[in-house]
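Have a look at the structure below before the remarks.
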Amino acid sequence: MRPPDWNHIRAFHATATSGSLSAAARQLGLTQPTLSRQVAALEDELGVTLFSRFGRKLVLTETGADLLKHIGRMGDAADAVVLAASGRTVQIGGRVSISVTDTYAAYILPPIVERIRTEAPQITVVIVASNELSNLHRREADIAVHHAAPDQPGLTGQHIRDTQAWFYASQDWIARNEPPERPADLARAGLITFEDAERYAAFLREIGIPANAADFRLVSNSSVAIWEMVQRGMGVAPMLREIADRTPGVVRLLPEMEPITVPVWIVTHRELEATPRIRLVQRILAEELSRL
Numbered sequence: 004m005r006p007p008d009w010n011h012i013r014a015f016h017a018t019a020t021s022g023s024l025s026a027a028a029r030q031l032g033l034t035q036p037t038l039s040r041q042v043a044a045l046e047d048e049l050g051v052t053l054f055s056r057f058g059r060k061l062v063l064t065e066t067g068a069d070l071l072k073h074i075g076r077m078g079d080a081a082d083a084v085v086l087a088a089s090g091r092t093v094q095i096g097g098r099v100s101i102s103v104t105d106t107y108a109a110y111i112l113p114p115i116v117e118r119i120r121t122e123a124p125q126i127t128v129v130i131v132a133s134n135e136l137s138n139l140h141r142r143e144a145d146i147a148v149h150h151a152a153p154d155q156p157g158l159t160g161q162h163i164r165d166t167q168a169w170f171y172a173s174q175d176w177i178a179r180n181e182p183p184e185r186p187a188d189l190a191r192a193g194l195i196t197f198e199d200a201e202r203y204a205a206f207l208r209e210i211g212i213p214a215n216a217a218d219f220r221l222v223s224n225s226s227v228a229i230w231e232m233v234q235r236g237m238g239v240a241p242m243l244r245e246i247a248d249r250t251p252g253v254v255r256l257l258p259e260m261e262p263i264t265v266p267v268w269i270v271t272h273r274e275l276e277a278t279p280r281i282r283l284v285q286r287i288l289a290e291e292l293s294r295l
């Protein structure tokens, strides 16, 4: 088999790391049809399928992901050589999708994204609000900020810090109800729970709150919706310190109670971590999240 054409490899690398044919074409100074032909030519040369095509969306196949892992550093080095030879200033661009919990998406991420936009205006930031890591496994996101370490092959993570969560209620709720004096009292305090009520009740019992799933009357799969109901005086729920501290009108219950420890991780695909745009966004995320 003849070695594949380097231009075809570079076209594949740009498409895989930028997230789309249009972005890769702009990066390489090619037309989109030309770039598409080069990627197709590489697939023909290797006799494999590198991308699955869903409408206009390209998703790396397993073979494509393996190839990207091997040529990633070569592609970045080649881009740097081309830029240096042409005398152009390096401008980091492309698409970066960040998966975060819905509360982080609403309350924490906006000022961080503002900094990313200031430092790298050519990067397109896509925020995926999700409480699960599954979108990262399906390659629907490049980076995830979540509260669990990576547990799948091909993912790598950075533990930023541990944060804390306590139980909160609004000042209005406290005015209408007798505040709990010990953790067990929270079971009768009108807890607002998450959709998996059985799992949540089991967790509450582990920390000394004798709750049962059948007792919950307000349930949601959205932490933002739960927090909004807390602010309206509709019940009690736990929330991360950095979010509660930014919310006027809420009061921490049982200040002597041990906090719930919640780890903060930045997780990405191992083959993408050397990509300049991913490195830049990860660095900003790490710096800003460590300050909270």
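Under our numbering, the residues of the sequence shown are numbered 4 to 295, in order.
Think of the CB as a built atom: it goes at the ideal place given N, C-alpha and C, for glycine as much as any other residue.
The structure displayed is predicted, hence computed values, not measured ones.
- For S293, the enclosing alpha helix (DSSP H) has its first and last residue at 279-293.
- With 16 or more neighbouring CB atoms inside 10 Å of its own CB, S102 falls in the buried class.
- The criterion of a C-beta distance shorter than 8 angstroms is satisfied by P186 and I210.
- Contact between N224 and E198 holds: their C-beta atoms lie close to 4 angstroms from each other, under 8 angstroms.
- Looking at the backbone, the Cα of A240 and that of R202 are separated by about 15 angstroms.
- Residue range 158-173 is occupied by the beta strand (DSSP E) that includes Y171, with no alpha helix (DSSP H) assigned at that position.
- Taken in chain order, the whole alpha helix (DSSP H) runs of length 4 or more contained in the segment 172-240 are 174-179, 200-209, 226-234.
- H272 carries a strand assignment under DSSP once its states are collapsed to helix, strand and coil.
- Linking T52 to F15 through their CA atoms gives a straight-line distance of about 12 angstroms.
- Contact annotation: A204 and A214 have beta-carbon atoms nearer than 8 angstroms.
- Close CB contacts of E143 within its chain, under the 8 angstroms cut and outside five residues either way in sequence, are with S100, S102, V131 (chain order).
- Secondary structure note for V42: it is in no beta strand (DSSP E), and the uninterrupted alpha helix (DSSP H) holding it is 35-49.
- According to the DSSP secondary-structure assignment, T264 is paired through a beta bridge with Q167.
- Where I126 is concerned, the enclosing beta strand (DSSP E) starts and stops at 126-132.
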